[in-house]
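**Q**
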Amino acid sequence: MLSPAFITQLRRLLPEHCVLNEREDLLPFESDGLAAYRNTPDVVVLPENEAQVTAILQLCHRHKVAVVARGAGTGLAAGALPVDGAVLLVLAKLNRIKAIDPLARTAVVEPGVRNLAISEAVAAHGLYYAPDPSSQIACSIGGNVAENSGGVHCLKYGLTVHNIQKLRAWTIDGQLLEIGNESLDAPGYDLLALLTGSEGMLAVITEVTVKLLPRPERAQVVLAAFDDVAKAGAAVGNIIAAGVIPAGLEMMDRLAIQAAEAFVHAGYPLDCEALLLCEVDGVNEEVSADIYTVRAVLEASGATEIRTADSEEQRLKFWAGRKAAFPAVGRLAPDYYCMDGTIPRAQLPHVLNRIREMSAEFGLAVANVFHAGDGNLHPLILFDANQPGELAKAEQFGGRILELCVDVGGTITGEHGVGLEKINQMCAQFATPELVRFHDVKAAFDPEKLLNPGKAVPELHRCAEWGAMHIRGGQLPHPELPRF
Numbered sequence: 033m034l035s036p037a038f039i040t041q042l043r044r045l046l047p048e049h050c051v052l053n054e055r056e057d058l059l060p061f062e063s064d065g066l067a068a069y070r071n072t073p074d075v076v077v078l079p080e081n082e083a084q085v086t087a088i089l090q091l092c093h094r095h096k097v098a099v100v101a102r103g104a105g106t107g108l109a110a111g112a113l114p115v116d117g118a119v120l121l122v123l124a125k126l127n128r129i130k131a132i133d134p135l136a137r138t139a140v141v142e143p144g145v146r147n148l149a150i151s152e153a154v155a156a157h158g159l160y161y162a163p164d165p166s167s168q169i170a171c172s173i174g175g176n177v178a179e180n181s182g183g184v185h186c187l188k189y190g191l192t193v194h195n196i197q198k199l200r201a202w203t204i205d206g207q208l209l210e211i212g213n214e215s216l217d218a219p220g221y222d223l224l225a226l227l228t229g230s231e232g233m234l235a236v237i238t239e240v241t242v243k244l245l246p247r248p249e250r251a252q253v254v255l256a257a258f259d260d261v262a263k264a265g266a267a268v269g270n271i272i273a274a275g276v277i278p279a280g281l282e283m284m285d286r287l288a289i290q291a292a293e294a295f296v297h298a299g300y301p302l303d304c305e306a307l308l309l310c311e312v313d314g315v316n317e318e319v320s321a322d323i324y325t326v327r328a329v330l331e332a333s334g335a336t337e338i339r340t341a342d343s344e345e346q347r348l349k350f351w352a353g354r355k356a357a358f359p360a361v362g363r364l365a366p367d368y369y370c371m372d373g374t375i376p377r378a379q380l381p382h383v384l385n386r387i388r389e390m391s392a393e394f395g396l397a398v399a400n401v402f403h404a405g406d407g408n409l410h411p412l413i414l415f416d417a418n419q420p421g422e423l424a425k426a427e428q429f430g431g432r433i434l435e436l437c438v439d440v441g442g443t444i445t446g447e448h449g450v451g452l453e454k455i456n457q458m459c460a461q462f463a464t465p466e467l468v469r470f471h472d473v474k475a476a477f478d479p480e481k482l483l484n485p486g487k488a489v490p491e492l493h494r495c496a497e498w499g500a501m502h503i504r505g506g507q508l509p510h511p512e513l514p515r516f
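Numbering (my numbering), first residue to last: 33 to 516.
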């Protein structure tokens, strides 16, 4: 518990309305998008400029108070879960677009700027920001950098790390780091990539220079229905093997299709087991050739129905169903648990069949929605948290899916991060020497472990406990976060 004297010092650094410590003001910040994990913060601070961020960090460092940075709160791995005795540093008020350079195709933004707001701001220049998470209408660029977010167009245009050029960030003791360069490369170690996806454990980001792309001359979507999920999974690899790199290649199974159609009315066929959305973009001639190739591949892969969007309105309608899949599935059950693992594309049919078998084993339905092009799975496990034991069963099921991803050569996260949610599965992903190096990197930036403590990288003793429990077929509970 933070002392009244410390909170008084925070109030000296910020305007009165920027420091919250009344319970009714703190409750909205008790979780991120993974609401199964909740903890009421001791205090929330909402700085309005970079100088205030620096002052807060320096004060916390002097008093050895931990800091958890938070953006828009749309994360899905409990990465911004408050820690007892810590300051929750909310960067939502740092929301200015500071500069746009159409010639260099860059924009300089503060961390609280919404993802979609960047594209809206540069649309007049014929430009846009490529990474587009499903939450792009709400999620902030600082959080995107912290989690290395992707989106439906990441197959062709990459993740956040591929679309940023420079960062301003502050260490816990208030030292400024300027990472990256105005040019496309910089000498020295690639610290830009290190900070991207570091989940707020190394430094607090206060400015991001993003890369912008010209709007393609044409974009068109092909929708394909399949009577078998494995066939749809195989079609994904067949499209890539044919030499086409789609801008987006997304897949949904029957349960997700039905939920999205009932919610958005996108015109999806309801009598199929799986649906693929394949978008190609570029100059007009290139798109025409790729559409022809994609349709031929889908037909040869066993598609039962193929539609090509014949207007921009229909293209957006097809995507609206996919973008709304997560909230749509929320109407099917009181709760769902969203997983995030990535596998080699060739393993899609096998993994989908195993998820179906595990669904029957656990007695919990699963709606599958994923970025099929890069193998990023998002199984949504349906459950009812009001039923005793169902949340624990959903977590165990989710853990098994992530371990399956590792077994086939994949990884436990594609874009959501590790946070607290996947910390046990880090023990399946990495051996002790690798985890030691992770801890060494953390110590180089934050030797006293004050930034987002207890997240993302497990303590070594925990992995030993996890291994012993795993051999016995049990499940290790999530660790308690440290207290300060």
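All C-beta atoms in this analysis are idealised placements derived from N, C-alpha and C, irrespective of residue type, glycine included.
1) Report buried or exposed for ILE169, applying the criterion of at least 16 other Cβ atoms within 10 angstroms of its Cβ.
2) Would you kindly report the start and end of the unbroken beta strand (DSSP E) that includes HIS194?
3) Please classify GLU512 as buried or exposed, where buried requires at least 16 neighbouring CB atoms within 10 angstroms.
4) Give me, in chain order, the residues of the same chain whose beta-carbon lies closer than 8 Å to that of LEU302; leave out the 5 immediate sequence neighbours on both sides.
5) Across which residues does DSSP place PRO246 in a beta bridge pair?
6) Within the same chain, show all residues whose beta-carbon is closer than 7 Å to that of LYS555, passing over the 5 residues directly before and after it, in chain order.
7) I need the boundaries of the beta strand (DSSP E) containing LEU409, first residue and last residue.
8) One question on the structure: do LEU224 and LEU199 come within less than 9 Å of each other, judged by their Cβ atoms?
9) Out of curiosity, what's the CA-to-CA distance linking ASN400 and ALA463?
10) Could you tell me the boundaries of the beta strand (DSSP E) in which VAL75 lies?
11) How many angstroms separate the CA atom of GLY542 from the CA atom of VAL240?
12) Taking only the alpha-carbon atoms, compute the straight-line gap between PHE516 and GLN461 and give it to the nearest angstrom.
13) Please return the same chain residues whose Cβ sits closer than 7 Å to the Cβ of LEU148, not counting the five positions on each side in sequence.
14) Return the residue from the list TYR324, GLY299 and ALA328 that minimises the CA-CA distance to ALA352.
15) Between which two residues does the alpha helix (DSSP H) holding ILE150 run?
16) Going by beta-carbon coordinates alone, are GLU453 and ALA110 separated by less than 9 Å?
17) Is the beta carbon of ALA139 less than 9 Å from the beta carbon of LEU123?
18) Is it buried or exposed, ALA274, if we count other Cβ atoms within 10 angstroms and call 16 or more buried?
19) If I follow the unbroken beta strand (DSSP E) through CYS310, where does it start and stop?
20) Between which two residues does the alpha helix (DSSP H) harbouring VAL177 extend?
21) Does ASN270 come out as helix, strand or coil in the three-state DSSP assignment?
22) Can you list, in chain order, the residues of its chain with a C-beta nearer than 8 Å to that of GLY5? Leave out the 5 residues immediately preceding and following it.
23) When the Cβ atoms of the region 403-421 are set against those of the region 202-219, are three or more pairs found closer than 8 Å?
24) Measuring alpha carbon to alpha carbon, tell me which of ALA424, ALA500 and CYS495 ends up nearest ALA68.
25) Comparing C-alpha positions only, which one of GLU142, HIS93 and ILE323 sits nearest to ASN81?
26) Would you mind reading off the limits of the alpha helix (DSSP H) that contains ARG94?
27) Taking DSSP as the reference, what is the three-state secondary structure of LYS130?
28) Measuring alpha carbon to alpha carbon, tell me which of ASP64, GLY405 and MET501 ends up nearest GLY269.
29) Since LEU113 and ASN71 should fall inside the 8 Å C-beta cutoff, what is the C-beta to C-beta distance between them, to a whole number of angstroms?
**A** By the coordinates alone:
1) exposed
2) Counting along the chain, HIS194 falls outside any beta strand (DSSP E), and DSSP gives it neither H nor E.
3) GLU512 is exposed by the Cβ-count criterion.
4) ILE289, GLN290 and GLU293
5) PRO246 is bridged to LEU159.
6) Since the first and last residues shown for the chain are 33 and 516, residue 555 lies out of range.
7) 408-415
8) yes
9) 30 Å
10) 75-77
11) For residue 542 there is no data in the structure shown, the boundaries of the chain being 33 and 516.
12) 29 Å
13) GLN168 and ILE169
14) For the set TYR324, GLY299 and ALA328, the Cα lying nearest the Cα of ALA352 is the one of GLY299.
15) 147-154
16) yes
17) no
18) exposed
19) 306-314
20) 173-179
21) helix
22) This structure gives no information on residue 5, because the portion of the chain shown stretches from 33 to 516.
23) no
24) ALA424
25) GLU142
26) 82-95
27) strand
28) GLY405
29) 6 Å
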